Every structure is written in structure tokens, then in C-alpha cells.
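In case it helps, our numbering puts the sequence shown at residues 5 to 467. Glycine included, each C-beta is placed from N, C-alpha and C at the ideal position. This structure is a prediction, so every number in the text was calculated from the model and none was measured.
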Amino acid sequence: MNDILEFEERISTKNTKQIKKRDDPLPMQRPGVHVPTPMMKKAAMSFRSLSLVLVLAFFGAILGAAVPAAAQAKRVRDIEPTIILISLDGFRWDYPQKYSPPVINKLIQNGVRAKWMIPSFPTKTFPNHYTVVTGLYPQNHGIVENNVFDFGTVFTMSKREEVENPRWWGGEPIWVTAEKQGQQAASYFWVGSETGVEELSPSKWRIYNGRVPNIMRVDKVLGWLDLPATERPTMMTMYFSTTDDVGHEFGPDSEETRYGVLEVDGYIERLMNGLKIRELENKVNVIITSDHGMAAYCPRNATFLDEHFDFDLTERILWTNEIVQIFPKTGKLDEIYGKVKDLEHVTCWKKGEIPARLHYNDGKRVAPIVCSSEIGWITTSRKRWDDWYSGLDDVNRPRGAHGYDNRYQEMQATFIAHGPAFKKGFVAEPFENIHVYELMCRILGLKPAPNDGSLDRVRGVLR
Ligand SMILES: [Zn+2]
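Shown next, in the form of C-alpha cells:
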């Protein structure tokens, strides 16, 4: 575990280029990846509930209480307009009402919230994180799913060499906009911040590692505020996977998810306490977002595509339970489509015939056939289902899923904001997550790069 303490900060100044690669002895965990092998699942399952409860209890006791860095923290007097953008993965729009996290609800009272924020399709982790920071629909920034086919290969969240390869990442993320215009950006994790290319990276960034303790992420971001003004970032991001992890395992309506929500509330409390010590709690803008919501599903509600067409007709299929991308062999598109177009509990489209509201037809990486599961259902193959679910503790208990059509209420995401730029006690009508980029540019005084969002749609949240 010492490796965590040795986890290096990557600082690239314009003069000193840092070494990008490093051998990380810890297994990588990607946000939103849930691909345990059957063996791992069987071994872990009985122990998982208990250990999660213990961990939550432990952190609950220490989370917001003490801020070790507080002794060194001084009042920060020369703060420029600054944003801390937080992602709570899978934090559904209604969790504040449903689970009453006290600190988050206080921020809502004294700041703004959207009734909900509309995620982009597909309601997956990678596409939506990158949409929030670029203002582009997934078809336009290129991360059209968590798994993407291009360049003769498949991008997945766990393939480090592809995640760090700039060829996948289109558009201009907010940290690039900031750096180009003379401000500094820093990321304690965000999808797309790890390309390692100086022109595309924040000044300070980390290679994603899910084992880095969440309170350490908070303390490091607070530490960046203690830097002298010439080195202090104005645009910072942070990421917590907790609510997605428990949501997937136990479903959005579970006691475990309630504890997960209260756990992340503790991280927000620690952050706000740290700001308060620096007399910054009303001077720094804190924006809490999520990438998507969470829906309950039961694994027995499954559509098996191998019962409907022969997979030999395809070049490849990129699977998730909620969205399936089918790449037919030459000349086989209509044959496959004819077999899947009228299935129950899943809607399959030919590219070009996807409803315009999903903004998905124009992406060059979108598959020729896209199948979107009905909410609460999964679309899979017999083999995949067996690999995932045979031998589970209880195949009938609800679990959580996302990636469905973004019209479902369960898929809606969170937008909460607090600070000098924002109104107090204001509730905004729902808006799409493409607008957050323009909003952040306005707060930081940056000229936005071309994007799909519009400041006019969200201007009402500003003072
Ligand atoms: Zn996610």
C-alpha cells in the first residue's frame, strides 16, 4: 500500500516535460468498469457486502471531521475566479432528496441545482465525462461509448495505451481552453485528462488509479489552492466512483447506495471544511456533476442475441448490457438488421436511422447497427450471461445499470453548484450536459472553443 503514498504528481511546465509512463504495481481500476471474471466474482461476492459496510463505517467516522492539512493552510487572499468540478459517478439526480446527504443539501440550499441534468446518449461513463468538459455530444468528441472501434482496434477503459493516446480524444476540454488562455488547470482524475500530451493535458494531472483514497484526492486539491497565485490552478477536477460502484452492485434503491451517498457527502464536507479554513468557501465555485443515473435491473430480464442471428455474420460486436454495437460483415447488414429490428425489450437501429434527439447518427465511430436495451433489461449472449451471472450469490436480487436511452428518468444526472458565480437557492429547469462547458468558460472568463452547448440555456444559474 506504500505505492499509494509514492503516487507521483505529474507536473509538466512548459519547460520541463515529465516522463509520461510509469510502471504502476497496482492493478488499474477504471471508472465505471465492471468486468470481474467469474472466478473473482465467486470469491469476492460473499465477503463484499460485509467489507463495504465496514469501510463505509470507518470512513464515515473520520471523513469530514479532521483536515490534516489544516495546520499548514492559511487564508488565501488573492484568489482569481476558480472552479472545482467534481464528478460523483452514477450519482442519480434524485439522490439528494432520496437519501438526504446533509452537506450536499446545504450546498443546494445556498447555491443552485438543476431539477436534473440530461446526460448524452449513450448514458455511459466515458462519453459523458468527456461531454461535460468539452461541450460536445459523444458523436462529435469521438468517445461514442466506453468501448470504441477505430484505427483497426478497440478502445476500452482498461487499455492504458489507448486511453493515453490522444488520437481518440476530439474537441477541446476545459483544461486545454484554460491553459491556452494563460490559466492553469489541474486534475485529480477526469476522463480524458491522461493523454500525456502537453498541449492536451492539465498542468497537474494523475493517471487514474481507483485505489487512491478519496480523502487524499480532496486534500491534494485543497493543497493546490495553497500554491502561490502564479502556480495556483483556476480549473480543477476531481472524481469519485463510490456511488457508481455501490449502485451497480446493489441497485439505486438499496441501503448500500444510501451509505455510498452519505460517504461521498463526507468528501464534499471535507472539501468545504478545507475551503472554509482558507476563507474560500464563498470564493471558490464548486460544481458537482454526475455522468448518468442508475436503474435497477434483474439479470434474468435478458435478451439473448445469439437466439436471433448467427454471430458469424459479424466482424465484431462490442458488448455492454445496455448498448450493443454490431459491425456486420460486408453485405450482411440487412440480414442481421432484419433479425433484430422487431425484438422485444431492445431497440435496434441502423446508423442513420437513430432518432435525431440522441445526436448519434453522425459519429464516424458509431457502429452500423446499435441496439439499446429497454430500461431494466439487458441485451447479451448466452455465453456472456453465463460468464457474468452464473454462480452469483442471488441472481434474482436487483442490481444497477446505466447506458440506456437518455429519455429515461432513471438515467438523469446531477448538477449542483455553489460559489460566488452562482445564485443562491435557485432551481433550474433540466438542461443537457453539453452546456456545462460554456458555463465554466464564462465563469473563468475564457473564450470557449466551438462546441454543441449554449450559454443561454444555463445563464439563469449565474448571478
Ligand atoms: Zn459512470
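Spatially closest choice to residue i from the options, by CA coordinates
i: Gln187; options: Ile373, Gly200, Phe193, Ser205; result: Ser205
i: Glu203; options: Arg388, Ser377, Pro170; result: Pro170
i: Tyr141; options: Gln113, Gly174, Arg320; result: Gly174
i: Asp316; options: Val167, Ala299, Ile340; result: Ile340
i: Tyr263; options: Met161, Leu275, Asp248, Pro303; result: Asp248
i: Val462; options: Thr318, Val431, Leu450; result: Val431
i: Ile211; options: Val148, Met444, Ser197; result: Ser197
i: Glu267; options: Pro100, Ser377, Gly342, Val167; result: Pro100
i: Glu378; options: Asp391, Ser385, Ala405, Pro256; result: Ala405
i: Pro303; options: Thr384, Gly227, Val107, Val80; result: Thr384
i: Met239; options: Leu396, Lys102, Pro177, Glu311; result: Pro177
i: His252; options: Thr129, Asp82, Ile291; result: Thr129
i: Arg164; options: Gly200, Leu89, Tyr192, His133; result: Gly200
i: Pro363; options: Gly255, Asn410, Lys280, Arg320; result: A quick correction: the sequence has His, not Pro, at residue 363. For His363, the nearest C-alpha among the options comes from Asn410.
i: Trp209; options: Tyr243, Gln185, Asp230; result: Tyr243
i: Val265; options: Glu319, Val465, Asp98; result: Asp98
i: Ser376; options: Ile219, Gly255, Glu149; result: Glu149
i: Gly429; options: Glu168, Pro85, Lys110, Glu84; result: Lys110
Residue i, buried or exposed, once every other Cβ within 10 Å from all chains shown has been counted against 16
i: Pro35; result: Bear in mind that a pLDDT of 39 at Pro35, under 50, signals an unreliable position, so the model cannot answer this.
i: Ala417; result: buried
i: Asp295; result: buried
i: Ile435; result: Rather than Ile, the amino acid found at residue 435 in this sequence is Phe. Per the 10 Å Cβ criterion, buried.
i: Ala233; result: exposed
i: Ala360; result: exposed
i: Thr157; result: exposed
i: Asp314; result: exposed
i: Tyr143; result: Here residue 143 turns out to be Gln, not Tyr, going by the sequence shown. Buried is the call here.
i: Asn4; result: For the chain, the structure presents residues 5 to 467; residue 4 sits outside this window and is missing.
i: Gly449; result: exposed
i: Gly4; result: Beyond the ends of the chain as shown, which are 5 and 467, falls residue 4; an answer cannot be given.
i: Arg215; result: exposed
i: Ser162; result: exposed
i: Asp456; result: buried
i: Pro217; result: exposed
i: Ser394; result: exposed
i: Pro454; result: exposed
i: Ser53; result: Low local confidence applies: a pLDDT of 42 at Ser53 is under 50, so the model's placement there is unreliable, with the coordinate-based value given in what follows. Counting Cβ neighbours within 10 Å, Ser53 comes out exposed, since fewer than 16 surround it.
i: Ala61; result: Since pLDDT at Ala61 reaches only 46, below the 50 mark, its modelled position is unreliable, and the value read off the structure follows with that caveat. Burial call: exposed.
i: Glu10; result: Its pLDDT being 27, under 50, Glu10 is placed unreliably by the model, and nothing is read from it.
i: Glu183; result: buried
CB contact check: residue i to chain B, cutoff 8 Å
i: Pro332; result: The chain inventory of the structure shown lacks chain B, comprising one protein chain alone.
Contact under 8 Å by Cβ, residue i with residue j
i: Ala371; j: Lys355; result: yes
i: Ala306; j: Trp353; result: no
i: Ser1; j: Thr138; result: Here the chain has residues from 5 to 467 only, and residue 1 is not among them.
i: Val328; j: Leu347; result: no
i: Asn289; j: Ile87; result: yes
i: Met276; j: Glu414; result: no
i: Pro237; j: Ala190; result: yes
i: Ala77; j: Gly367; result: no
i: Trp245; j: Asp93; result: The sequence shown places Ser at residue 245, not Trp. Their beta carbons are under 8 Å apart, which means Ser245 touches Asp93 by this criterion.
i: Ile147; j: Pro126; result: no
i: Glu283; j: Arg79; result: yes
i: Gly115; j: Ala421; result: yes
Residue(s) in a DSSP beta bridge with residue i
i: Arg262; result: Answer is none; Arg262 lacks a bridge partner.
i: Ile340; result: None, per the DSSP bridge assignment.
i: Phe159; result: Val152
i: Trp392; result: Trp392 pairs with nothing; no bridge assigned.
i: Met415; result: Paired residue(s): none; Met415 is not in a bridge.
i: Arg117; result: Ile420, Val431
i: Glu378; result: None, per the DSSP bridge assignment.
Three or more C-beta pairs below 8 Å linking the segment 415-429 and the segment 150-160: They do not touch, by the three-pair rule.
The segment 110-128 / the segment 385-402 touching (three or more Cβ pairs under 8 Å): Contact annotation: the segment 110-128 does not touch the segment 385-402, with fewer than three C-beta pairs closer than 8 Å.
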